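Reading through the structure tokens given below for one structure.
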Amino acid sequence: MVLPPPNVTGNLHLGHALTVTIEDAVCRFQRLLGDEVIWYPGFDHAGIATQTVVERKLFQEKGILRRTLTPEQFLSHCEKWKNDRVMTITTQLKRMGILLDWNRSYYTMDEKFSRVVRHAFCHLHKEGLIFRDKRLINWCPALKSSISDQEVEKDIVYGATKREVSDGMGNRRKIEFGAMHVINYEVLDRRPGDPNWLEVGTTKPETIFADVALAVNPDDSRFNFLVGRRVRNPLTKNAIPIIADEAVIMDYATGVLKVTPAHDFNDFKIAQRHLNELDPDLVYFSCVDKDSRITGVSELPEFQGLDRYEAREKVVTWLKDQNLYAKQVMGNATKILLCSRTGSVIEPVLMEQWFLRCDEMHTEALKALERGEFILESPGVKQILVEWLNNSEPWCLSRQLLWGHRIPAYLTPNNRWLIAPSELEARSTYKLDEDVVLKQDSDVLDTWFSSALIPLIIRGWPDKPVAGTALDLMETGHDILGFWVARMLILCKRLSGNYPFRKILLHSLVRDSMGRKMSKSLGNVIDPLDVIDGISHEAMLKRLKESALESDDLEKAEHSLNLHFPNGLIACGADALRYALLRHDLTALDCKISVETLSDEGRRFCIKLWNLTKYSQTVFEKASFCDNFSEPNAAIDVWLENQLAQSLEKFQKYMKEHELSKAFQALRFFIVNELCDVYLETTKKPVWNNDVARIQQISNILYKTLQSAFVSLSIFMPHISEYCYDQLPNQTTPLDEFQIDMLRSFKADEKINEGMNFSRSVIESIIDIRKILDLKQNFLLEGIIGSRVRLPDQTKELVTMLSDLKYLKITEFRENSSPTIPGFIPFKMNRFDVTLHVNWIIGSRVRLPDQTKELVTMLSDLKYLKITEFRENSSPTIPGFIPFKMNRFDVTLHVNCEPSKFPELMQNMNIEIKKWKNKQEESQVDLEKYEKLYQKQSADKKTKKSQLDHTQFQIKRANNHLSEAQSKLERIEQLIMYFENRVE
């Protein structure tokens with residue numbers, strides 16, 4: 001397996017922590033099964049991302065722009081940045097306790113990778129898959145580079161809307177988008193009845209300079225008769241044709257579309273279909289250069305060199321002065337294309353680039369997917385891969401960057417491109433004289449091209465063939481299923497003849513507790529070491545201010561950090577971090593994690609394991625160690641072995657199915673709910689009483705149980721598991737050498753579960769009775785088990801043992817019992833045709849405070865309670881009344897309620913339930929409303945602190961109301977259960 005190589009742009013965050021937690025658990029489990037495991041670590045040079053962050057850092061710290069440095073100088077800064085990040089990331093990974101094979105580490109821009117990348121490019125070019133063409137690409141003015149469609153973010157506005165945009169270097173300004181300007185184009189070659197003008201709507205009037213045609217829908221009777229005529233470009237005065245194309249939407253804007261192929265992707269496609277109708281000298285003319293400034297407009301020199309948005313305003317003004325501007329109307333939805341790296345607005349630019357044909361490879365991969373040649377184990381993501389592979393557009397490989405793999409293409413003086421791994425091989429292959437000057441393409445390859453070759457390169461390709469699949473399992477986040485996984489599939493298959501892996505496991509995208517994506521600009525990115533070592537609020541703020549964030553983003557991030565981490569994070573350790581991540585459904589699309597809450601829960605779980613170990617050592621010290629473990633005799637021991645057997649079976653089943661969160665939950669539930677909360681409690685009495693025979697039995701069962709539990713848990717929480725494992729007596733096999741078949745086998749016994757389920761139902765009933773009647777935990781109850789059917793085997797032993805823990809004295813078991821027993825109150829037990837008959841044993845009596853009678857009588861009357869008598873030194877029970885122990889007083893309130901009143905009381909409580917459910921729903925609606933408002937306000941830098949504070953107050957208030965409603969509902973439901981039991 002290969003670790004998806006983290007980018008050397010910065011430190012690891014919780015998303016990376018989730019990846020390594022999952023993959024480390026998978027590798028540890030396979031080692032536990034006895035398999036040989038190789039897990040490759042690596043680092044990705046991340047071309048665009050690294051160059052962006054280094055440029056920004058240089059500008060912010062030293063005021064240096066990239067263009068003022070030589071390529072060699074800038075690359076040296078990138079190299080230093082990369083080396084620092086590799087050291088930091090390596091430290092982070094090792095601190096998380098993962099078992100990577102560090103001697104097999106790789107870097108996607110080392111000499112080995114560079115050689116193979118060049119070889120792959122040349123091979124694919126030779127096969128005719130890589131070609132050079134002039135096409136419209138996404139151009140980022142800040143990066144001065146093309147970017148892929150997948151690196152473009154879309155912001156949709158409706159009508160004229162101002163948006164704040166970045167230039168990628170920390171400067172921001174507000175620009176109006178979405179305004180639909182209606183321009184008059186003069187119709188030439190008019191015939192009788194023809195209009196003088198055609199109104200054309202556009203949101204980018206600055207590109208009118210590059211218009212090559214107007215297009216109408218052939219079915220639009222308003223305009224189709226004008227097809228073949230010409231109109232005058234209102235800015236350049238060039239005559240351009242009117243063409244017919246079905247892509248024109250008749251009810252969008254005016255129904256007439258200006259065709260500007262050099263500045264719009266849809267227009268480019270339309271122009272390609274009508275090349276024979278267009279002026280060849282104009283069809284590819286671009287009026288916006290790579291710096292986003294107006295160029296090539298000799299007709300109107302006052303616009304030459306203007307910024308595109310400044311030009312937009314001036315073009316509108318000029319058109320109005322010339323009476324060529326008709327009006328501004330409400331536009332439809334307008335997409336603003338933004339570079340995901342810099343935030344700059346994308347400008348479509350027509351450029352010659354290197355492209356990879358993907359349609360044939362995509363079709364082949366789709367068929368292989370349907371045949372099951374590779375399997376997506378994660379539910380709900382197959383369609384994402386299908387949609388990606390259905391895209392037949394070629395992949396633009398060229399990037400106008402310095403940081404990356406230089407494209408192995410060499411231009412001759414006669415403008416011929418030669419493809420070879422090196423200039424020397426180009427001269428040799430094409431038999432060039434030494435005096436022929438070759439110029440290597442200055443562009444670099446898209447980072448994903450080199451990343452897609454990782455499975456082959458780590459297995460030695462092309463020096464040796466890769467037989468079969470290069471990897472057994474590909475595990476990564478679902479967000480790069482297309483970017484990386486799909487591209488590995490198609491390129492590795494094409495180059496080696498085999499798909500690189502058969503199984504694909506995808507995990508969640510980590511989000512914060514509010515459902516937001518982890519982002520530095522939101523201030524919610526957490527370094528795994530923050531959780532492991534702890535970090536103060538002040539240190540988090542200091543680190544944030546030293547980052548490369550722009551000033552506006554820094555302000556928002558600081559506010560978010562103050563809100564969510566006012567006290568920083570306490571040190572919880574690596575295992576607690578892994579615990580926090582494993583507590584979620586890791587196969588869902590999103591994983592909302594409250595790291596501060598769950599990591600602390602994980603820390604407390606580690607403490608529980610430590611306490612479990614310390615208690616067990618006390619047991620082992622009191623017993624004599626024995627290798628020959630006999631079969632357990634005590635019912636509770638049999639039950640524990642049964643639960644352990646079932647838990648281990650679930651653990652192995654879920655791990656083999658890669659359901660890690662379920663496997664972890666099976667172990668956690670067994671340790672907390674069954675081993676600690678039930679079994680250990682039953683052992684304390686014999687341990688403290690030095691019951692030698694019973695202690696020996698407990699020691700034997702604990703040793704076997706803990707060994708199995710710690711070995712299994714070690715794949716998830718290795719540090720605490722190894723510590724606890726090492727504390728067990730007479731351990732001869734180190735934990736990292738332990739294999740699962742070395743564990744003792746445990747038999748599952750369903751019959752013991754029947755008795756235990758019954759016993760736990762008794763305990764649940766007692767807990768409910770105490771809650772309903774508000775009785776203290778140490779308030780002794782006496783009970784008789786009455787059943788109309790035969791009780792499960794070993795019931796008496798289990799019930800007696802467990803009941804003793806809950807201050808319940810079971811005096812008798814009666815089968816074929818009558819529904820009532822004089823002097824006892826019957827409580828019907830859930831899931832069983834059994835009744836628990838309870839009697840109260842009440843404590844001492846005291847003298848009542850002065851004036852008690854007067855005050856109690858007065859206040860009780862307000863609550864429809866009639867106090868008929870006050871008894872000091874009273875007996876514990878009064879015939880015909882139910883005693884309720886009062887909080888804070890050694891006093892009992894004896895309550896009587898006639899059965900005839902039960903229906904009325906039940907009806908009243910149902911009304912109360914309806915009322916509080918309504919309040920619960922209202923509070924939930926308010927909570928969601930104010931949380932959404934808070935997110936919106938946080939994203940708006942104009943929001944005042946007082947507004948945010950008020951919204952926070954409303955969120956807290958809604959939470960309080962919600963908690964109150966839930967508490968009331970629980971109490972009412974308990975009372976209803978009590979009365980239902982009384983009726984029975």
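full-length UniProt numbering puts the first residue of the sequence shown at 1, with every later residue one more than the last.
Backbone N, C-alpha and C define an ideal beta-carbon position, used for all residues, glycine too.
Remember, it's a predicted structure, so these values are computed and weren't measured experimentally.
Next on the checklist: Can you look up A253 in the DSSP assignment and give me helix, strand or coil?
Outcome noted: For the purposes of this step, residue 253 is taken as residue 253 along the sequence shown, with counting starting at 1. In this structure, A253 counts as coil in the three-state DSSP scheme.
Next on the checklist: Could you compute how far the alpha carbon of G178 sits from the alpha carbon of T334?
Outcome noted: In the sequence shown, the residue the question calls residue 178 occupies position 178. In the sequence shown, the residue the question calls residue 334 occupies position 334. Using only the alpha carbons, I get a separation of about 5 Å.
Checklist entry - What three-state label does DSSP hand residue 1000 in the structure shown? => result Absent from the model: residue 1000. The displayed extent of the chain is 1 to 984, so no value can be given.
Checklist entry - Between which two residues does the alpha helix (DSSP H) harbouring P348 extend? => result What you label residue 348 is simply residue 348 of the sequence shown in a count that begins at 1. For P348, there is no enclosing alpha helix (DSSP H); the enclosing beta strand (DSSP E) covers residues 347 to 356.
Next on the checklist: If the criterion is Cβ atoms closer than 8 Å, does the pair residue 986 and F483 meet it?
Outcome noted: In this structure the chain extends from 1 to 984, so residue 986 is not present and cannot be described.
Item to check | Reference E912; option with closest CA among L969, Q935, D110, S105 | outcome: Mapped onto the sequence shown, residue 912 falls at position 912. When only C-alpha atoms are compared, the closest one is L969.
Next on the checklist: Since L589 and S508 should fall inside the 8 Å C-beta cutoff, what is the C-beta to C-beta distance between them, to a whole number of angstroms?
Outcome noted: In the sequence shown, the residue the question calls residue 589 occupies position 589. In the sequence shown, the residue the question calls residue 508 occupies position 508. Confirmed, about 6 Å.
Item to check | Straight-line Cα distance separating F29 from D472 | outcome: In the sequence shown, counting from the first residue as 1, residue 472 sits at position 472. In the sequence shown, counting from the first residue as 1, residue 29 sits at position 29. D472 and F29: Cα-Cα distance of roughly 14 Å.
Item to check | Close-in-space but distant-in-sequence residues of the same chain around D850 (CB under 7 Å, 5 per side omitted) | outcome: In the sequence shown, residue 850 corresponds to position 850, counting from 1. Residue placement at D850 is flagged as unreliable, the pLDDT there being 47, under the threshold of 50; the coordinate-derived value follows with that caveat. Excluding residues up to 5 positions away in sequence, nothing lies with its Cβ nearer than 7 Å to the Cβ of D850 in the same chain.
Next on the checklist: So I695 and V619 are supposed to be a Cβ contact under 8 Å. How far apart are they, rounded?
Outcome noted: Your numbering for residue 695 matches position 695 in the sequence shown. Your numbering for residue 619 matches position 619 in the sequence shown. Yes, they are in contact, since the Cβ atoms of I695 and V619 sit about 6 Å apart, within 8 Å.
Checklist entry - Which of helix, strand or coil does DSSP assign to L402? => result Here the question's residue 402 lines up with position 402 in the sequence shown. When DSSP states are grouped into helix, strand and coil, L402 belongs to the coil group.
Item to check | Bounding residues of the beta strand (DSSP E) (the contiguous stretch that carries E186) | outcome: Counted from its first residue, the sequence shown places residue 186 at position 186. Where E186 is concerned, the enclosing beta strand (DSSP E) stretches over 180 to 187.
Item to check | Rounded C-alpha distance that separates A17 from T476 | outcome: For the purposes of this step, residue 17 is taken as the residue at position 17 of the sequence shown. For the purposes of this step, residue 476 is taken as the residue at position 476 of the sequence shown. Roughly 12 Å between the two C-alpha positions.
Next on the checklist: In whole angstroms, give me the CA-to-CA distance for R357 and E393.
Outcome noted: Taking the first residue of the sequence shown as position 1, residue 357 is located at position 357. Taking the first residue of the sequence shown as position 1, residue 393 is located at position 393. Cα-Cα distance, rounded: 7 Å.
Checklist entry - Taking the beta strand (DSSP E) that D155 falls in, what are its first and last residues? => result On the sequence shown, position 155 is the one that residue 155 refers to. Counting along the chain, the unbroken beta strand (DSSP E) around D155 starts and ends at 152 to 158.
Checklist entry - How close, in whole Å, do the beta carbons of I701 and E621 come, if the pair is a contact with beta carbons under 8 Å? => result For the purposes of this step, residue 701 is identified with residue 701 of the sequence shown, where counting begins at 1. For the purposes of this step, residue 621 is identified with residue 621 of the sequence shown, where counting begins at 1. About 16 Å separates the two Cβ atoms, so there is no contact after all.
Item to check | Residues near E370 in its chain [Cβ-Cβ closer than 8 Å; skip 5 each side] | outcome: Here residue 370 is taken as the residue at index 370 of the sequence shown, counted from 1. Cβ neighbours of E370 beyond the five flanking positions: none.
Checklist entry - Where do the N-terminal and C-terminal ends of the alpha helix (DSSP H) with V53 fall, by residue? => result For the purposes of this step, residue 53 is taken as residue 53 along the sequence shown, with counting starting at 1. Segment 47 to 62, the alpha helix (DSSP H) holding V53.
Checklist entry - With 16 other CB atoms within 10 Å as the buried threshold, where does G468 fall? => result Here residue 468 refers to the residue found at position 468 of the sequence shown. Exposed, by the Cβ-count rule.
Checklist entry - So, does the CB of P6 fall closer than 8 Å to a CB anywhere in chain B? => result Of the protein chains in this structure there is only one, and it is not chain B.
Next on the checklist: Distance check for K929 and S451, CA to CA, integer angstroms please.
Outcome noted: Position 451 of the sequence shown holds residue 451. Position 929 of the sequence shown holds residue 929. S451 and K929 have their C-alpha atoms some 43 Å from each other.
Next on the checklist: Comparing C-alpha positions only, which one of I48, L275, C78, Y158 sits nearest to S148?
Outcome noted: Against the sequence shown, residue 148 aligns to sequence position 148. Of the listed residues, the one whose Cα sits closest to S148 is I48.
Checklist entry - From D741 to H537, what distance separates their C-alpha atoms? => result Within the sequence shown, the letter at position 741 stands for residue 741. Within the sequence shown, the letter at position 537 stands for residue 537. C-alpha separation (whole angstroms): 47 Å.
Checklist entry - Considering only C-alpha positions, which residue in the set S967, G515, Y615 is nearest to C724? => result Counting from 1 along the sequence shown, the entry for residue 724 is found at position 724. Nearest of S967, G515, Y615 to C724, Cα basis: Y615.
Next on the checklist: So within the region 491 to 561, which uninterrupted beta strand (DSSP E) runs reach at least 3 residues, ignoring any that extend past its ends?
Outcome noted: 503 to 507, 509 to 511
Checklist entry - What do you reckon, are the CB atoms on W139 and V349 nearer than 8 Å? => result Position 139 of the sequence shown holds residue 139. Position 349 of the sequence shown holds residue 349. Their beta carbons are under 8 Å apart, which means W139 touches V349 by this criterion.
Item to check | Complete runs of the beta strand (DSSP E) confined to the region 373 to 423 [at least 3 residues] | outcome: If only complete runs of 3 or more residues are kept, the region 373 to 423 shows the beta strand (DSSP E) at 409 to 411, 417 to 419, in order along the chain.
Checklist entry - Residues bridged to T161 by DSSP? => result In the sequence shown, the residue the question calls residue 161 occupies position 161. In DSSP, T161 forms a bridge with F177.
Checklist entry - Name the DSSP bridge partner or partners of T476? => result The sequence position of residue 476 within the sequence shown is 476, counting from 1. In DSSP, T476 forms a bridge with L506.
Next on the checklist: Can you tell me which residues form a DSSP beta bridge with D307?
Outcome noted: In the sequence shown, the residue the question calls residue 307 occupies position 307. Answer is R293.
Checklist entry - Given that a residue counts as buried once 16 or more other Cβ atoms are within 10 Å of its Cβ, and exposed if not, what is Q697? => result The count along the sequence shown starts at 1 and reaches residue 697 at position 697. Looking at its Cβ environment, which holds 16 or more other Cβ atoms inside 10 Å, Q697 is buried.
Item to check | C-beta atoms of L675 and T705 nearer than 8 Å | outcome: Along the sequence shown, read from residue 1 onward, the residue named residue 675 stands at position 675. Along the sequence shown, read from residue 1 onward, the residue named residue 705 stands at position 705. Yes, Cβ-Cβ distance for L675 and T705 is below 8 Å.
Item to check | Anticipated Cβ contact below 8 Å, G573 with A539, distance rounded | outcome: As a first step, residue 573 must be located in the sequence shown, where it is residue number 573. As a first step, residue 539 must be located in the sequence shown, where it is residue number 539. Not a contact, Cβ separation roughly 18 Å.
Next on the checklist: Just to confirm my understanding: we take D637, look at its own chain, exclude 5 residues before and 5 after, and list those with CB closer than 7 Å. What are they?
Outcome noted: Taking the first residue of the sequence shown as position 1, residue 637 is located at position 637. So the list reads Q697, I701, once near-sequence residues are dropped.
Checklist entry - Exposed or buried, which one is Y158 when buried takes at least 16 other CB atoms within 10 Å? => result Locating residue 158 in the sequence shown gives position 158, where the first residue counts as 1. In the assembly as shown, Y158 is an exposed residue. Its beta-carbon has fewer than 16 other beta-carbons within 10 Å.
Checklist entry - Going by beta carbon distance, what residues of the same chain come within less than 7 Å of T429, once the five residues before and after it are set aside? => result Along the sequence shown, read from residue 1 onward, the residue named residue 429 stands at position 429. Here the set comprises A420.
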